[in-house]
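The opening position of the sequence shown corresponds to residue 1 in full-length UniProt numbering, with each subsequent residue numbered one higher.
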Amino acid sequence: MKARWLTDKYISLMLLVFPLWTGPEGYADITRSKFLFFAVLSGLYLAGTAVCMALDKTAPKRPNALQCFALAFMAAACLSAALSPYGSAVIIGASRYDGLVTLLLYGGIFLAVSAFGEWKKYYVYLLAASASVCSLIALIQFTGANPLGLYPAGLNYYDAGVRYTGEFLGTIGNTNLLAAFYCLCIPLFTGHALTNRKMADRLMLLPAALCAGVLIGSRVASGLVALAAAAVTLIPYYVNYIHRNKRLTLAVSASMAALCVLALAAVYFYGGGSGTLHELSEVLHGHVEDSYGSSRVGIWRECLRLFGESPVTGGGPDTLVLRTDMTFSRYVEETGSTLSTHVDNAHCEILSYLVNLGLLGALPYVALCAGSLRRFFRGCAPAAGGALCCYYVQSLFGLGLCIVVPLVWIYMGLVCSGKELDKCKSARSPRTS
């Protein structure tokens, strides 16, 4: 079927080329460049899929429950945009290219990939290639160099927080987004290596280690926490998937639970006076300040206030920046200047949908995430599903922008595809209890 062939080529391009695409201006305009690449390629793919279905005289099948959630998400985005007081700003988005066009493309990608996609082994190799190139560039940037001229002239990685706001690395840009990208890569490569026996598949541990090294070097807490949290679930899952031994799985699960208890106890009694561990310790003691999590707590409280203003349909796609005057400023002694940042993102993907789309948009998204995890725990696409587990944790603290999120919807579409479900039914599913 032509639609399946087209879907395969679209996924391949998105995994190999999209992560490496930076545009001609480097970090100065990377969000716009990534958005244009994603929007044009995805738009052509969806239009081409419709043409293929017409040529093959293929009538759309009745949507399943997960596809209905995607349709509900798209409908909620349209309704929110129609009722928004911000007019045409909702079409492309007021600040981060996360407007109606982007949201409809996300839903369309899921519908098409879940209908015509099938997980293929070489998808892992393609993403490993792009992730490795991205990571090698980041390693060079750690030396203070500026490969490909991604930073503006005269700037490098170590000027972050001094001469410009934010931190940027690799071909993804913002290090929080790079962490989100790695959360899609590291578990995928590791899970693929664990569930396949060929040497080429085991070698996927090398790009996994490379990505992990850059993530550790960038010190992005959201990515490190997500990997640690995902490991608690994924290690028992893969033990069960590979060995199919209930006693062994229970023993590993108990060990992970005990490790979690010990880790929480260590954090609770942590005596440091600053940093992420100190903040986590304070939270466990019931003390929470707006400055915690790089001021995420303050941003979340502001977003919850805005959600209360329009809880059903939200303020409109990508309109947070128009609804708040919340800013952060910091005087830099080294330069004698003040760096300021205006809040335009919820720094939590679910909260972002609550603020912008209301409950009508956030609930279908959560249901879709839960449905994809259910498919994963039934044995569908074990490597990709593990990556989704990790990403979902990171998204609780992440930006959720079109620089990385299109890959998430592709993953969800593949995990929830009819082909993967057929494989699960024909094979013995791993026990999860």
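For glycine and all other residues, C-beta sits at the position ideal for the given N, C-alpha and C.
DSSP beta-bridge partners for residue i?
i	result
Phe328	Thr341
Asn174	Phe168
Does residue i come out as helix, strand or coil in the three-state DSSP assignment?
i	result
Gly336	coil
Ala160	strand
Ile403	coil
Tyr365	helix
Asn240	helix
Glu282	helix
Met14	helix
Tyr182	helix
Ser294	helix
Ile28	At residue 28 the sequence reads Ala, which differs from the Ile that was named. Looking at Ala28 - three-state DSSP - the assignment turns out to be helix.
Val321	helix
Pro311	coil
Met204	coil
Trp21	coil
Arg247	helix
Leu210	helix
Phe269	coil
Lys419	helix
Pro187	helix
Thr432	Its pLDDT being 40, under 50, Thr432 is placed unreliably by the model, and nothing is read from it.
Ser222	helix
Met53	helix
Asn196	coil
Gly413	helix
Phe397	coil
Gly152	It should be noted that the sequence gives Pro, not Gly, for residue 152. Three-state result, Pro152: coil.
Thr7	helix
Below 8 Å on the Cβ atoms is my guess for residue i versus residue j; work out the distance and round it to an integer in Å.
i	j	result
Asp159	Asp318	The Cβ separation is near 28 Å, so there is no contact.
Ala180	Tyr391	6 Å
Leu155	Tyr164	7 Å
Ala20	Val133	Note that residue 20 is Leu in the sequence shown here, rather than Ala. Confirmed, Cβ separation roughly 6 Å.
Cys183	Gly223	6 Å
Gly316	Val101	No, Gly316 and Val101 are not in contact; Cβ-Cβ is about 13 Å, not under 8 Å.
Asn345	Leu399	5 Å
Pro207	Ala128	4 Å
Leu396	Cys348	6 Å
Gly275	Phe73	That pair is no contact at about 37 Å.
Ala226	Gln394	4 Å
Thr335	Val220	Going by Cβ atoms, the distance from Thr335 to Val220 rounds to 24 Å, so no, they are not a contact pair.
Tyr151	Gly298	Contact flag wrong, Cβ pair sits at about 29 Å.
Gly413	Phe18	The Cβ separation is near 15 Å, so there is no contact.
* Tell me, please, whether the segment 276-291 touches the segment 307-318 by the rule of three or more beta-carbon pairs shorter than 8 Å. => no
* Where are the beta strand (DSSP E) runs, 3 residues long or more, that stay fully inside the segment 371-395, in chain order? -> none
* Touching by the beta-carbon criterion (3+ pairs, under 8 Å), the segment 25-41 and the segment 87-105 -> Verdict: yes, contact present.
* Inter-stretch contact at 8 Å, needing at least 3 Cβ pairs: the segment 190-197 / the segment 354-373 -> no
* Asked: Just checking, does the segment 108-118 make contact with the segment 417-425 on the three C-beta pairs under 8 Å criterion?
  -> yes
* Asked: If we count Cβ pairs, one from each stretch, closer than 8 Å, do we get three or more for the segment 257-267 versus the segment 395-405?
  -> Taking a contact to require three or more Cβ pairs closer than 8 Å, the segment 257-267 and the segment 395-405 do not qualify as touching.
* To do: Would you check if there are 3 or more beta carbon pairs closer than 8 Å linking the segment 262-276 to the segment 406-413?
  => no
* List in chain order: all unbroken alpha helix (DSSP H) runs of 4+ residues lying wholly within the segment 61-88. => 65-83
* To do: Return the chain-ordered ranges of every alpha helix (DSSP H) run that is complete within the segment 86-135 and spans a minimum of 4 residues.
  => Whole alpha helix (DSSP H) segments, 4+ residues: 89-92, 100-116.
* To do: State whether the segment 229-244 contacts the segment 380-396, with contact taken as three or more CB pairs (one from each stretch) at a distance under 8 Å.
  => yes
* Asked: Touching or not, the segment 319-326 and the segment 295-307, by the rule of three or more beta carbon pairs under 8 Å?
  -> Yes: at least three Cβ pairs fall under 8 Å.
* With contact counted as at least three CB pairs below 8 Å, one residue from each stretch, are the segment 4-20 and the segment 36-49 in contact? -> yes
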